[in-house]
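**Q** The following block contains the structure, expressed as structure tokens.
Number of protein chains: 6
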Amino acid sequence: MPTSAQLPPLLAFGAHPDDIEFGAGGIVAGETRAGRRVHFVVCSRGEAGTNGTPKQRTAETRRAAKILGATIEFLELDGDAHLETKAAHALALAGVIRRVRPGIVLAPTTEPNQHPDHWRLGQLVRDATRLARYGGLAELKARPAHAIGQLFFYALGPGSEPPGHPPVVIDLSAPGIVATWTKAMAAHASQLKTRNYVELQLARARVRGLDAGVDHAQALWPNDPLVFDSLTPLTRGARRF
Amino acid sequence: MPTSAQLPPLLAFGAHPDDIEFGAGGIVAGETRAGRRVHFVVCSRGEAGTNGTPKQRTAETRRAAKILGATIEFLELDGDAHLETKAAHALALAGVIRRVRPGIVLAPTTEPNQHPDHWRLGQLVRDATRLARYGGLAELKARPAHAIGQLFFYALGPGSEPPGHPPVVIDLSAPGIVATWTKAMAAHASQLKTRNYVELQLARARVRGLDAGVDHAQALWPNDPLVFDSLTPLTRGARRF
Amino acid sequence: MPTSAQLPPLLAFGAHPDDIEFGAGGIVAGETRAGRRVHFVVCSRGEAGTNGTPKQRTAETRRAAKILGATIEFLELDGDAHLETKAAHALALAGVIRRVRPGIVLAPTTEPNQHPDHWRLGQLVRDATRLARYGGLAELKARPAHAIGQLFFYALGPGSEPPGHPPVVIDLSAPGIVATWTKAMAAHASQLKTRNYVELQLARARVRGLDAGVDHAQALWPNDPLVFDSLTPLTRGARRF
Amino acid sequence: MPTSAQLPPLLAFGAHPDDIEFGAGGIVAGETRAGRRVHFVVCSRGEAGTNGTPKQRTAETRRAAKILGATIEFLELDGDAHLETKAAHALALAGVIRRVRPGIVLAPTTEPNQHPDHWRLGQLVRDATRLARYGGLAELKARPAHAIGQLFFYALGPGSEPPGHPPVVIDLSAPGIVATWTKAMAAHASQLKTRNYVELQLARARVRGLDAGVDHAQALWPNDPLVFDSLTPLTRGARRF
Amino acid sequence: MPTSAQLPPLLAFGAHPDDIEFGAGGIVAGETRAGRRVHFVVCSRGEAGTNGTPKQRTAETRRAAKILGATIEFLELDGDAHLETKAAHALALAGVIRRVRPGIVLAPTTEPNQHPDHWRLGQLVRDATRLARYGGLAELKARPAHAIGQLFFYALGPGSEPPGHPPVVIDLSAPGIVATWTKAMAAHASQLKTRNYVELQLARARVRGLDAGVDHAQALWPNDPLVFDSLTPLTRGARRF
Amino acid sequence: MPTSAQLPPLLAFGAHPDDIEFGAGGIVAGETRAGRRVHFVVCSRGEAGTNGTPKQRTAETRRAAKILGATIEFLELDGDAHLETKAAHALALAGVIRRVRPGIVLAPTTEPNQHPDHWRLGQLVRDATRLARYGGLAELKARPAHAIGQLFFYALGPGSEPPGHPPVVIDLSAPGIVATWTKAMAAHASQLKTRNYVELQLARARVRGLDAGVDHAQALWPNDPLVFDSLTPLTRGARRF
């Protein structure tokens, strides 16, 4: 078992100020609790949203990240609802990966029927995890190449889940995890006026949890086959009903 | 980390004398080496095969199991190449599950374009893992209900792998594992006269290994989403190229 | 708009006493409320379950059906957890279809990774809806052939939902529907001792509802492409997030 | 039943002058006949095609739209065979959606193995239907946000149909619909010199129709799960053979 | 190029008297014209159909086979609409394969949403092609083992086509092929009273043909990857629109 | 049988200097041996790679092409690891297609989880094969339109293979083919320092070969359904185990 000091950092990318919290906040709460360093990179200020000014949303995000125990930075790409698939963006994201040197990376799923920024960012991060390990890229020369361990995708709603791809399920039933996650989601007060985002996520986590035989759980979709030394970590499955 | 005494047993089902060895033998070698109890249930004597008598094949299987450090039993269902999907078979398999009380179960994949016994046995074992935990089954009353942790499917050839379902990949590069596995496969001397089964499996394991950045590896397909307490065991991915 | 007297009957098949209620009970509550005749055919007494005697479960089912406004009958096939795919079963189910002459039929999904009775019954009902319209079957001669309008599959848990097949979503937010449904589920008191079936179904219905912009909703998977006279009934979509 | 005055408009996007007519013209004929307002947005003049000048093709399109009872406008994006996936395009399309305020939107499928303009326009329209409902987009401030009811994709040929995604099937057998549709397709005289587009579409509609038990039918693929108040509109299925 | 005398036989299985003709009759017409020996095995007399007596249907089938230039035999399994998946059936079919020793085998697709006999026969034939090459099967000892070259599935209607699996397309535009095929279909006069089977098949063949740039074509789905010595036979593709 | 002089040229596109060799080099070796003209278009100098200078890599590629008997040109698009999906690129590739006038085109698969240049080039080539046959494109006026016969995709590693899409398998067991291919791969000496690319490809080809009953084989994924005049070329299938 690695000590918490040995846990490689987790790097989470979000297209909008609340994406990481809604899509993977419970998992993040558990990882920081276990002592893992977690860093958020948020790629817009949510300026296209119906509610909340960029200033408000920046503040909400900083508060949410603090509640979850994560550090945070904002990375300007094309702006909210304007993201395009450009090589320069993938290189910028790869530069962050080389700087943070994570073991695990989180990004939104690449399902094309969701907010256009989500799936494009998911694909850009996927590209970036590859670029980060190629040695000859002039734009990235400032830092040594870095190979991550695994990229996981998170889904912001049921329609963003990759159909037919079984996820891994992370048990959130340790004391306090769901409470911390809920508090972090509630920090995005401007977004909760018109839609029940918090209730949606908690209901999703309850369905996943009941199916896995625990209180609450969140799912992640691995980008590549998971590699293990043995079957020892693999003795739990979700399908209680 | 559980000690080896605490590792829940592994129960592997095969339709024919050599199926477990060819499809998951490297993984079995690693598990017994780590101290896990492994038990094989072989559901025919291979009597429909082109080569080898039932007596020879029984002896080869016992030898192979011994090399891998597994115990073994034969369970008569309908006979080689005659397996049908009967409730009585699922109940018989569930009875074995209640007796052995495994944490992990292995069975052939349910892809319908392979030897007809393979996919039917895979489906029967899948059914059996459910029946084993239902309390009211008269045929199973002799033993208390048992819920396994996870069912994994193994693939005997490239055409038996479930398309589009990402597997977990088990690293076989610890010293001696591939050698033990190869020896166990070679114990099935009668089957190696006309087809290069051993070379096929080693080439498949080499491709999986190179893709995972290790020497050799074997893949398994989980029946249900995998559940974890945290991301700690999930920091390796296969996609080196 | 048909008057309620003109609504063709709904015929729902369940493998166990509580399947229809858990998988489609909210939809049934809405249909009987609208005046449609609904008939349940339950194909076992749940005698393999961990909790409840067949007698208790029969009584619970009758009570649940009554709460939902449906009539009910029991059809003995092979018994709980023993169902096999036999032509005689499909013919028996087709006989019921010819007798009830429904416009819509409900059955459990055919996803093979669930209770073995569920998917087998789903396939048998699918076969039966075809046999019911073939004119030359000696076993069915007593009644004229009948072609149903549409067969829908219901899913008892998240793992039983057909991946990648978009469902139709039925809005349950009319007053009283969810309350009636909940009461019908609660009638299965013997089954609620060890697992949170009711909470699972309500959480699933809440996720579906939030995604569709309503309070609660349940999904069904059509067996065949849906046919419409025009786009008029097709102006609502689920994807609020 | 809504009166025709209450039917929300239908907005159909095409990449080339004849796309809507060939892919969904029969459905459009039925909707305008029922009194629904239909508006076409054509995103090029077909200037890359083998036959027909832009002037000819513009005239043919206007004539075809008139035959179908639809209004029409041309929207210049990147030009025929030059369409790229740009945020500015999605915003332009979203602007049209806010202006027309449709209940239903039609666009070509996003299957990537077809004319490059088709699938890119399909994805752009999908993005646009989301952008149209986000309140904070500066480029769209001139008009209030608008949430459509449902986006449907149409397929211009068998290879453009999304495999494995069941469509909805619209019955075209009311008197005069196929005749009107055929006349509208024939208006694209320049395109009919070298390929049997009209016969292809009629043969496809005949196969769909026979399968649905009617004379002719056209299919659409819903972008999101369809939501209904009850099962009443859902009593017809296609699978006659 | 093999001479016609060297062409290995084609063995086609049908569940009902008209299945082969409707699903693959155009292809059969081309093969017999080229000098290949074709043999039909029909596994029922169609006695469950709405129209036609077994005697009539037997006569119609013999006439149709004659028109197509094929020999024919009837094999009694469980009777029309009663077919079950039994090992004995697969062995019986394997016995026919050993007798006829075909290079190519045809069977209905295994899609489970069609006539229950169709997909079960498809799976039984798939199993049988494997059993035919296993040397140790007592029931088959009378004849030497035989390995076929390729198994293809044919689809009787659009809903029986395997979604997402690209077929091979056989050009039927040589003079006389479609005429012969149409005549063979028309021989099933009893089946043409209530449904437009012939028109359905011709419309499907016209769509396939137009897409492939020829007059008419029929599709087949290979069971296993196709193997070639070079790219020389692979220079035609279907996607004209 | 066409004589070698009649074989239409093969045009292969690669994103990097070694892609064609690793992904389809064995097939190319067979085609040039049979007398077919093969031309490589390489769309970067590999300047982002960890090893090798552009100059070295250009030289290695020229040597490899020579060993395989192919001609070669370099086409500058956006540079290694910078490729974007631009209409201008598709037009440039279409221009090459019009110049070379191939019967068969090869490109990397479009699976989005691989090197970002690979799948984008695959999609660009797919678009280009369509643009090449449209008569009205101003940029392409210099040369007459050209319709290729078939586009095939090659996969550079197991993770780049399109899941669920059966490939065609090309037998490489003719004498000298694998040796020539291996020599061509070895010409990319700069790339073999850190990864076992050659062994990966040979192990993949061995698995494919054993499954097809031959020594070695490589797979290609057709973009469109394959069209044949008869079943004569279709008598071999891969599934030996």
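Here the protein sequences line up with chains A, B, C, D, E and F, keeping their order.
The numbering of the first sequence is the numbering used here, which starts it at 1 and goes up by one.
The numbering of the second sequence is the numbering used here, which starts it at 1001 and goes up by one.
The numbering of the third sequence is the numbering used here, which starts it at 2001 and goes up by one.
The numbering of the fourth sequence is the numbering used here, which starts it at 3001 and goes up by one.
The numbering of the fifth sequence is the numbering used here, which starts it at 4001 and goes up by one.
The numbering of the sixth sequence is the numbering used here, which starts it at 5001 and goes up by one.
Cβ coordinates follow ideal geometry from the N, Cα and C atoms, glycine included.
1) For the stretch 3007-3018 of chain D against the stretch 2204-2215 of chain C, do three or more pairs of beta-carbon atoms, one drawn from each stretch, fall closer than 8 Å, so that the two count as touching?
2) Scan the stretch 4197-4213 of chain E for residues whose Cβ lies nearer than 8 Å to a Cβ of chain D and list them as they occur along the chain.
3) Taking 8 Å as the threshold (beta carbon to beta carbon), is B/N1223 in contact with chain A?
4) Interface residues of chain D around F/A5145 at Cβ under 9 Å?
5) Are the beta-carbon atoms of E/D4224 and B/G1159 separated by less than 8 Å?
6) Using only the alpha-carbon positions, how far apart do D/H3146 and D/A3094 sit?
7) In the structure shown, what three-state DSSP assignment does E/T4071 receive?
8) So does the stretch 5181-5192 of chain F actually touch the stretch 1133-1150 of chain B, counting three or more Cβ pairs closer than 8 Å?
9) Whole angstroms are fine: how far does the CA of B/L1124 sit from the CA of C/Q2150?
10) For the pair the stretch 1061-1080 of chain B and the stretch 1105-1113 of chain B, tell me if three or more CB-CB distances fall below 8 Å.
11) Return helix, strand or coil for F/F4950, following the three-state DSSP convention.
12) Pull the bridge partners of C/T2108 from the DSSP assignment, please.
13) Might you give, ordered along the chain, the residues of its own chain that have their beta carbon closer than 6 Å to the beta carbon of A/V96, omitting 5 neighbours on each side?
14) Grab the span of the alpha helix (DSSP H) containing D/A3219 for me, first residue to last.
15) Just to confirm the assignment, what range does the beta strand (DSSP E) spanning A/G14 have?
16) Tell me which residues share the same chain as C/R2062 and place their Cβ nearer than 7 Å to its Cβ, disregarding the 5 neighbours each side in the sequence.
17) What are the residues of the stretch 3008-3024 of chain D that lie near chain C, defined by any Cβ-Cβ distance shorter than 8 Å?
18) Could you pull out every unbroken beta strand (DSSP E) segment of at least 3 residues lying fully inside the stretch 2043-2105 of chain C, listed in chain order?
19) So what does B/L1226 bridge to, in DSSP terms?
20) Count Cβ pairs between the stretch 1031-1046 of chain B and the stretch 1232-1239 of chain B that sit closer than 8 Å; are there 3 or more?
21) Can you look up C/H2039 in the DSSP assignment and give me helix, strand or coil?
22) For D/S3160, which three-state DSSP category applies?
23) Can you give me the start and stop residues for the alpha helix (DSSP H) that E/G4209 sits inside?
24) Decide yes or no for the touch test of the stretch 5175-5183 of chain F against the stretch 5020-5031 of chain F: beta carbon pairs closer than 8 Å, at least 3 of them.
25) One question on the structure: do A/D171 and A/A217 come within less than 8 Å of each other, judged by their Cβ atoms?
26) Rounded to the nearest angstrom, what separates B/D1127 and C/E2111 at their Cα positions?
27) Which residues in chain C have a C-beta closer than 8 Å to the C-beta of E/P4112? List them in chain order.
28) Note down the Cα distance separating A/I148 from C/P2017, rounded to an integer number of angstroms.
29) Output, in chain order, the set of chain A residues within a Cβ distance shorter than 8 Å of B/R1239.
30) Can you give me the C-alpha to C-alpha distance between B/L1226 and A/L231, rounded to a whole angstrom?
31) List the residues of chain C whose Cβ lies closer than 9 Å to the Cβ of E/G4159, in chain order.
32) The alpha helix (DSSP H) with E/T4180 in it runs from where to where?
33) Where E/P4162 and B/E1161 are concerned, what is the direct C-alpha to C-alpha distance, given to the nearest angstrom?
34) Please return the same chain residues whose Cβ sits closer than 6 Å to the Cβ of C/G2069, not counting the five positions on each side in sequence.
35) On the criterion of 16 or more Cβ atoms from any shown chain inside 10 Å, does A/Q6 qualify as buried, or is it exposed?
36) Hey, quick one: how far does the alpha helix (DSSP H) through C/P2116 stretch, first residue to last?
**A** Let me lay it out:
1) no
2) Y4197, E4199, L4200, A4203, R4204, R4206, V4207, R4208, L4210, D4211
3) Looking up residue 1223 of chain B in the second sequence gives position 223. Yes, B/N1223 lies at the interface with chain A (some Cβ there is under 8 Å from its Cβ).
4) Residue numbering aside, residue 5145 of chain F sits at position 145 when the sixth sequence is read from its first letter. T3050, listed in chain order.
5) On the fifth sequence, position 224 is the one that residue 4224 of chain E refers to. On the second sequence, position 159 is the one that residue 1159 of chain B refers to. Yes; because the gap between Cβ atoms is below 8 Å, this pair is in contact.
6) Locating residue 3146 of chain D in the fourth sequence gives position 146, where the first residue counts as 1. Locating residue 3094 of chain D in the fourth sequence gives position 94, where the first residue counts as 1. Rounded to the nearest angstrom, the two C-alpha atoms are 9 Å apart.
7) The sequence position of residue 4071 of chain E within the fifth sequence is 71, counting from 1. E/T4071: strand per DSSP, three-state reduction.
8) no
9) The count along the third sequence starts at 1 and reaches residue 2150 of chain C at position 150. The count along the second sequence starts at 1 and reaches residue 1124 of chain B at position 124. Distance between the alpha carbons of C/Q2150 and B/L1124 is about 31 Å.
10) Below 8 Å, too few C-beta pairs join the stretch 1061-1080 of chain B and the stretch 1105-1113 of chain B to call them touching: fewer than three.
11) In the structure displayed, chain F extends from 5001 to 5241; residue 4950 of chain F sits before or after that span and is not available.
12) Taking the third sequence and counting its residues from 1, one reaches residue 2108 of chain C at position 108. Looking at the sequence itself, residue 2108 of chain C is Pro, so the reference to Thr does not match. Beta-bridge pairing links C/P2108 to C/Y2154.
13) Position 96 of the first sequence, counted from the first residue, corresponds to residue 96 of chain A. Within its own chain, the residues whose Cβ lies closer than 6 Å to the Cβ of A/V96, once the five positions on either side in sequence are excluded, are V41, listed in chain order.
14) Walking along the fourth sequence from the start, residue 3219 of chain D turns up at place 219. The continuous stretches of alpha helix (DSSP H) do not include D/A3219, which lies in the beta strand (DSSP E) extending over residues 3217-3222.
15) Position 14 of the first sequence holds residue 14 of chain A. Its beta strand (DSSP E) spans residues 10-14.
16) The residue labelled residue 2062 of chain C in the question sits at position 62 within the third sequence. I2072, listed in sequence order.
17) P3008, L3010
18) 2071-2074
19) Residue mapping note: residue 1226 of chain B aligns to position 226 of the second sequence, counting from 1. DSSP, once it has assigned bridges, lists A/V168, A/G237 as partnering B/L1226.
20) no
21) Indexing the third sequence from 1 puts residue 2039 of chain C at position 39. Note: C/H2039 maps to strand in three-state DSSP.
22) Translated into positions along the fourth sequence, residue 3160 of chain D becomes position 160. The answer is helix: DSSP assigns D/S3160 an H, G or I state.
23) The residue given as residue 4209 of chain E occupies position 209 in the fifth sequence. 4197-4212 is the extent of the alpha helix (DSSP H) around E/G4209.
24) Touching, yes, given that three or more Cβ pairs across the two stretches are closer than 8 Å.
25) By 1-based counting over the first sequence, the position of residue 171 of chain A is 171. By 1-based counting over the first sequence, the position of residue 217 of chain A is 217. Taking 8 Å as the Cβ cut-off, A/D171 and A/A217 qualify as a contacting pair.
26) Your numbering for residue 1127 of chain B matches position 127 in the second sequence. Your numbering for residue 2111 of chain C matches position 111 in the third sequence. Each residue's alpha carbon lies about 12 Å from the other.
27) To locate residue 4112 of chain E, count along the fifth sequence from 1; it is residue 112. In chain order: T2110, Q2123, R2126.
28) The residue given as residue 148 of chain A occupies position 148 in the first sequence. The residue given as residue 2017 of chain C occupies position 17 in the third sequence. Computed Cα separation, rounded: 50 Å.
29) Here residue 1239 of chain B is taken as the residue at index 239 of the second sequence, counted from 1. Taking a Cβ-Cβ threshold of 8 Å, the residues of chain A close to B/R1239 are N223, D224, P225, in chain order.
30) As a position in the second sequence, residue 1226 of chain B is number 226, starting the count at 1. As a position in the first sequence, residue 231 of chain A is number 231, starting the count at 1. Taking the straight line joining both Cα atoms gives about 12 Å.
31) In the fifth sequence, counting from the first residue as 1, residue 4159 of chain E sits at position 159. D2224, P2225, listed in chain order.
32) Here the question's residue 4180 of chain E lines up with position 180 in the fifth sequence. 4177-4186 is the extent of the alpha helix (DSSP H) around E/T4180.
33) Locating residue 4162 of chain E in the fifth sequence gives position 162, where the first residue counts as 1. Locating residue 1161 of chain B in the second sequence gives position 161, where the first residue counts as 1. The alpha-carbon atoms of E/P4162 and B/E1161 are separated by roughly 18 Å.
34) As a working mapping, residue 2069 of chain C is identified with position 69 in the third sequence. Only T2032 meet the Cβ criterion.
35) Residue numbering aside, residue 6 of chain A sits at position 6 when the first sequence is read from its first letter. Its Cβ having fewer than 16 others within 10 Å, A/Q6 is exposed.
36) For this step, residue 2116 of chain C is matched to residue 116 along the third sequence. First-last of the alpha helix (DSSP H) with C/P2116: 2116-2131.
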